[in-house]
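Asker: Residue numbers (full-length UniProt numbering), protein chains in the order written: chain G, 1 to 270; chain S, 1 to 270.
All residues carry an ideal CB built from backbone N, CA and C; glycine is no exception.
This is the structure I have questions about; it appears just below.
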């Protein structure tokens, strides 16, 4: 049976919100496509956001200089991570697709979702020095940011005061998701639903509903493959700079001093 | 008396860390320059990271659809924000300079510090629709990100696998700090101190020590002024696009489709 597993990591305080409606739409459509769907409702779970020694059961190795990544790596090796982290890691490991549903807070995820990334994506479990980016541990898994904004779309353009949305998405999509190997699907952006009329909000949900029908077959965004980079400096090999610029275009982050390719963090195949 | 007030918002779990040493250096040097220095030690304070209805004393206006920004705006108006938020707002309001000292977690601040931004920078207190960016509420206050990385500097270049550090800094420096009006000083970046030899770490701290001597006289980074943008769409007025590109250069976010100016989020006057 080719049943697909979906994890929705959901970060809104209120069941009456647009974010809740977007999450519900995903649950319904994906179940109707024979997916099994789990939801991590972070506020309802009172998910712990802060990365502390309490995330480890038993002794830490170096209490005088506690280093979170190294200590949790060791705890993960020895099965001594706290139960809430272990449970989220189980869900993540089983998933074929992960949808993060949240309101954009200060140009990025709310703290409770940042805490999920900080605590669940443990060194060893989610990445190692060798297994990152296109060699990453989750390279068979798809991931997608689905979020609402407070600002209108015009403000997030390359001439807008908030700046190009591709720039704002880079640290999240490249720095977290692709870093762990995830195939990053184009983000689902709901532009300022709070300022829209009810029919505007309905139209946004209808478009999401339509997209959800084919979501699992979508192609991911392009990120420059690991083997284009020198394996020591992690800079593009000189012979690959022009190749990258010509063949794929640079990306928002690895832009090689060229103009940023429009929408490279927003649409696949650009 | 022209005594300056400095707030250090510090987010590391361990007093034995490089981040702690960087924080201590700032406290010592700035006190020696006759500044008064307050430190918000977020982990020691067990600072609450998540934005919830518990941040409001008394009734919320709309429990069926709790909207954090609107509810906390109202609570701020009426003096009903929780004591921990009010105390941080007092420190922020009194400060001439704010230093954020943290380890970079997943290309941005750790969740506990994101929670400080989410909860302390209340609508009404820190920004309004009218008072943002160069018209922002904190335009007389300087702010600075001081952080350690896990990656080497080469990885964060325009040809590096992590992408241009200017791109990664934009959402934090423009989207949070400059959004609230802060004059953003060039970031203090400690590249991979954990991988450096002891003398390398000492040299990094010595350079920070030297910089701290003149920190309060530094010029801030350039962000395109508010009046260059149309006041409805918040896009650059057409007549200002070429002007911006020629006079100041575009910025990492508002790049106008031009190549990103090198170091515009890293050095003043570029």
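1) State yes or no: is the C-beta of residue 174 of chain S within less than 9 Å of the C-beta of residue 58 of chain S?
2) What are the start and end residues of the beta strand (DSSP E) that includes residue 259 of chain G?
3) May I ask you to report which of helix, strand or coil DSSP gives residue 60 of chain G?
4) May I ask you to list the residues that DSSP assigns as paired with residue 233 of chain S?
5) Residue 81 of chain G and residue 50 of chain G look like a contact to me (Cβ under 8 Å); what is the Cβ gap, rounded to whole Å?
6) Could you please give the first and the last residue of the uninterrupted alpha helix (DSSP H) stretch that includes residue 89 of chain S?
7) Does the beta carbon of residue 176 of chain S sit closer than 9 Å to a beta carbon anywhere in chain G?
8) Alpha carbon to alpha carbon, how far is residue 172 of chain G from residue 115 of chain G?
9) Please identify, using Cβ separations under 9 Å, the residues of the region 104-123 of chain G that lie next to chain S, in order along the chain.
10) For the region 209-237 of chain G, which residues have a beta carbon sitting closer than 8 Å to at least one beta carbon of chain S?
11) Return helix, strand or coil for residue 103 of chain S, following the three-state DSSP convention.
12) Taking its Cβ as the centre, do 16 or more other Cβ atoms sit within 10 Å of residue 62 of chain S, making it buried, or is it exposed?
13) Whose C-beta lies closer than 7 Å to the C-beta of residue 245 of chain S among residues of the same chain, with five residues either side of it excluded?
14) Can you list, in chain order, the residues of its chain whose CB lies under 7 Å from that of residue 228 of chain G, leaving out five sequence neighbours each side?
15) Can the beta-carbon of residue 17 of chain S be found closer than 9 Å to that of residue 178 of chain G?
16) So what's residue 145 of chain S in DSSP terms, helix, strand or just coil?
17) Where DSSP assigns a beta bridge to residue 68 of chain S, which residues make up the other side?
18) Roughly how many whole angstroms lie between the Cα atoms of residue 146 of chain S and residue 185 of chain G?
19) Does the beta-carbon distance from residue 280 of chain G to residue 95 of chain G come in below 9 Å?
20) Does the Cβ-Cβ distance between residue 260 of chain S and residue 193 of chain S come in under 9 Å?
21) Tell me whether residue 168 of chain G sits in a helix, a strand or coil according to DSSP, three-state version.
22) What separation, rounded to the nearest whole angstrom, lies between the Cα atoms of residue 55 of chain G and residue 76 of chain G?
23) Can you find a CB in chain S that lies within less than 9 Å of the CB of residue 82 of chain G?
24) 9 Å is my cut-off, CB to CB: does residue 158 of chain G come that close to chain S?
25) Among S:164, S:218, S:136, which has the Cα closest to the Cα of residue 264 of chain S?
26) Under DSSP, the alpha helix (DSSP H) around residue 296 of chain S begins and ends at which residues?
27) I believe residue 161 of chain S touches residue 133 of chain G by the beta-carbon criterion, under 8 Å. Please report the beta-carbon distance rounded to the nearest angstrom.
28) Got a sec: which bits of the region 166-196 of chain S sit with their beta carbon under 7 Å from any beta carbon on chain G, in order along the chain?
29) Would DSSP call residue 36 of chain G helix, strand or coil?
30) Which residues, in order along the region 61-79 of chain S, keep a beta-carbon less than 7 Å from a beta-carbon of chain G?
Answerer: Looking at the coordinates:
1) One thing to note: residue 174 of chain S has its Cβ no nearer than 9 Å to the Cβ of residue 58 of chain S.
2) Where residue 259 of chain G is concerned, there is no enclosing beta strand (DSSP E), because DSSP gives it neither an H nor an E.
3) Look at residue 60 of chain G here: in three-state DSSP terms it is coil, with no helix or strand label.
4) DSSP links residue 233 of chain S through a beta bridge to no other residue.
5) That pair is no contact at about 15 Å.
6) First-last of the alpha helix (DSSP H) with residue 89 of chain S: 83-94.
7) With 9 Å as the cut-off, residue 176 of chain S counts as an interface residue toward chain G.
8) Near 13 Å, if we compare the C-alpha coordinates of residue 115 of chain G and residue 172 of chain G.
9) Only those residues of the region 104-123 of chain G whose C-beta falls short of 9 Å from the nearest C-beta of chain S are listed: 105, 106, 107, 108, 109, 110, 111, 112, 113, 114, 115, 116, 117, 118, 119, 121.
10) Per Cβ criterion, the list reads 224, 226, 229, 233, 234, 235, 236.
11) Looking at residue 103 of chain S - three-state DSSP - the assignment turns out to be strand.
12) The residue is exposed, with fewer than 16 neighbouring Cβ atoms inside 10 Å.
13) Contacts found: 256, 258.
14) Here the set comprises 236, 237, 240, 244.
15) In this structure, residue 17 of chain S lies away from residue 178 of chain G, with their beta-carbon atoms at least 9 Å apart.
16) Residue 145 of chain S falls in the strand class under three-state DSSP.
17) Per DSSP, none; premise fails for residue 68 of chain S.
18) For residue 146 of chain S and residue 185 of chain G, the distance between alpha carbons rounds to 32 Å.
19) Outside the shown range of chain G (1 to 270) lies residue 280 of chain G, about which nothing can therefore be said.
20) Their beta carbons are not under 9 Å apart, which means residue 260 of chain S does not touch residue 193 of chain S by this criterion.
21) Residue 168 of chain G: helix per DSSP, three-state reduction.
22) Using only the alpha carbons, I get a separation of about 10 Å.
23) Taking Cβ atoms only, chain S never reaches closer than 9 Å to residue 82 of chain G, which makes this a no.
24) Judged by the 9 Å Cβ criterion, residue 158 of chain G is in contact with chain S.
25) Ranking the options by Cα distance to residue 264 of chain S, first place goes to S:164.
26) The requested residue 296 of chain S does not occur in the structure, where chain S is confined to residues 1 to 270.
27) Indeed they touch by this definition, with Cβ atoms about 6 Å apart.
28) Per Cβ criterion, the list reads 167, 168, 170, 171, 174, 175, 176.
29) Look at residue 36 of chain G here: in three-state DSSP terms it is strand.
30) Cβ contacts with chain G come from 64, 65, 66, 68.
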